[in-house]
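With positions in the sequence shown counted from 1, the corresponding number in our numbering is that position plus 274.
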Amino acid sequence: MSDAPACPPPSAVDICNLDEAGYQALYKSRIEPVFQANENDRLAAVQTLKSRGVIGGAIALIIALIVWKLANSSLMAGAIALLFACLLAYAWAAGPLMAVGKRVKQSYCDGIAQAMGATYKMGDFAPPAFDRFEEWKLTPSYARSHFEDWFAGAYDGSSYDLYEGHLEQRHTDSKGRTYYSTVFRGQMIRMHFPRDFLGVTVVRRDMGMFNVFGGQAELKKVGLEDPAFEKAFEVWGSDQVEARYLLHPALMQRLLDLEARMKGEKLRCAFQGGDLLVAIEGGNRFEPGDLFKPLDDPARARRIVDDIASVMRVMAEAISAQSRRGA
Numbered sequence: 275m276s277d278a279p280a281c282p283p284p285s286a287v288d289i290c291n292l293d294e295a296g297y298q299a300l301y302k303s304r305i306e307p308v309f310q311a312n313e314n315d316r317l318a319a320v321q322t323l324k325s326r327g328v329i330g331g332a333i334a335l336i337i338a339l340i341v342w343k344l345a346n347s348s349l350m351a352g353a354i355a356l357l358f359a360c361l362l363a364y365a366w367a368a369g370p371l372m373a374v375g376k377r378v379k380q381s382y383c384d385g386i387a388q389a390m391g392a393t394y395k396m397g398d399f400a401p402p403a404f405d406r407f408e409e410w411k412l413t414p415s416y417a418r419s420h421f422e423d424w425f426a427g428a429y430d431g432s433s434y435d436l437y438e439g440h441l442e443q444r445h446t447d448s449k450g451r452t453y454y455s456t457v458f459r460g461q462m463i464r465m466h467f468p469r470d471f472l473g474v475t476v477v478r479r480d481m482g483m484f485n486v487f488g489g490q491a492e493l494k495k496v497g498l499e500d501p502a503f504e505k506a507f508e509v510w511g512s513d514q515v516e517a518r519y520l521l522h523p524a525l526m527q528r529l530l531d532l533e534a535r536m537k538g539e540k541l542r543c544a545f546q547g548g549d550l551l552v553a554i555e556g557g558n559r560f561e562p563g564d565l566f567k568p569l570d571d572p573a574r575a576r577r578i579v580d581d582i583a584s585v586m587r588v589m590a591e592a593i594s595a596q597s598r599r600g601a
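Right under this line is the structure:
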């Protein structure tokens, strides 16, 4: 479970019902000061990138010419040397700007989290409930993983964890060389409710192995009330009655809204114990944006606020679904 309290403090901003005036107040108090404090550093870092880019590009070209000469005028050797030299030059040139971006991201994500009574951690954490995402095949098999941007908070007596994951699978080509490919990059959300669900319900857009083998042994296919959702999703559950209560059109719409809000695809989720687990392939969402433009722009942080609000709306609807079940 998350370390967040079951309820946010009374002074916390109600992100779920935040109107434009409320967001502007949040921006002025928590986010704008961060942007303004880092704007001069951003400008300096951009200038550093430009000047280092010229120097680094010239050095990369010289290195490529030397390699080309030593390799008996081999265009391939020269091109490879130029590519690697340019990559090193860019890393050197862009380093200060990337450092500013990381500092800005940490500060404004912290500010947003604190305003709504939550916590934020950029990296170096154990992903909450990730073993359960694997158990119910909400994530694909992988060889290596990276997790970042963990928000932990509470809403209406329930808690949530929202974080991003990048999963990669390992491959070997015909020459024995190893390489990795991305099999999942997106958001993982664990919502924990005071009352346990009676059974297990799994929802997916693309059932994959569940579809081939008819779900896991204790799960049976569930028909949905709304024909549009029936066409869009495959549902399996151990308690048919509860599954239909949970997957009321109102909750299904909230899940679709969450997927759209994250600009993701292949939404899948599982109701088990006291948790609703949701995985969405929404990419890398919580970055500060274009660092070549002035930082002081409310739209930079609005996306994060709206993403978290969408999570809370799903939680509110799931609580209502439990109440309808009356269990």
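Note that the Cβ used here is the ideal one computed from N, Cα and C, for glycine as well.
In whole angstroms, what separates the C-alpha of residue 459 from that of residue 334?
Going by the C-alpha atoms only, they are around 33 Å apart.
Residue 454 beta carbon less than 8 Å from that of residue 442:
Yes. Within cutoff.
Under the rule that 16 or more other beta-carbon atoms within 10 Å means buried, what is residue 468, buried or exposed?
exposed
What residue range is occupied by the uninterrupted beta strand (DSSP E) comprising residue 432?
432-446
C-alpha distance - residue 573 paired with residue 337, whole-angstrom precision
42 Å
Measure from the alpha carbon of residue 456 to the alpha carbon of each residue in 462, 494, 417 and 435, then state which is nearest.
417
Between the C-alpha atoms of residue 321 and residue 310, what's the straight-line distance to the nearest angstrom?
Using only the alpha carbons, I get a separation of about 18 Å.
Give me, in chain order, the residues of the same chain whose beta-carbon lies closer than 7 Å to that of residue 556; leave out the 5 immediate sequence neighbours on both sides.
460, 461, 536, 537 and 538
Within a Cβ cutoff of 7 Å, which residues of the same chain sit near residue 584, ignoring the five residues on either side of it in sequence?
Excluding positions up to five away in sequence, the list reads 531, 532 and 535.
When 567, 470 and 589 are compared against residue 527, the one with the closest alpha-carbon:
589
Within the region 313-379, ranges of the beta strand (DSSP E) (whole runs, at least 3 residues):
You should have found no qualifying run.
Following the continuous alpha helix (DSSP H) through residue 297, name the residue where it begins and the one where it ends.
Boundaries of the alpha helix (DSSP H) around residue 297: 294-300.
Please classify residue 445 as buried or exposed, where buried requires at least 16 neighbouring CB atoms within 10 angstroms.
Residue 445 comes out exposed.
Grab the span of the alpha helix (DSSP H) containing residue 457 for me, first residue to last.
No alpha helix (DSSP H) holds residue 457; the beta strand (DSSP E) holding it covers 452-466.
Between which two residues does the beta strand (DSSP E) harbouring residue 418 extend?
Unbroken beta strand (DSSP E) run through residue 418: 418-429.
Just checking my contact of residue 368 with residue 300 at CB under 8 Å: how many whole Å lie between their CB atoms?
Wrong, their Cβ atoms sit about 31 Å apart, outside the cutoff.
If we call anything under 8 Å between Cβ atoms a contact, is residue 402 one with residue 464?
yes
Residues bridged to residue 511 by DSSP?
475 and 494
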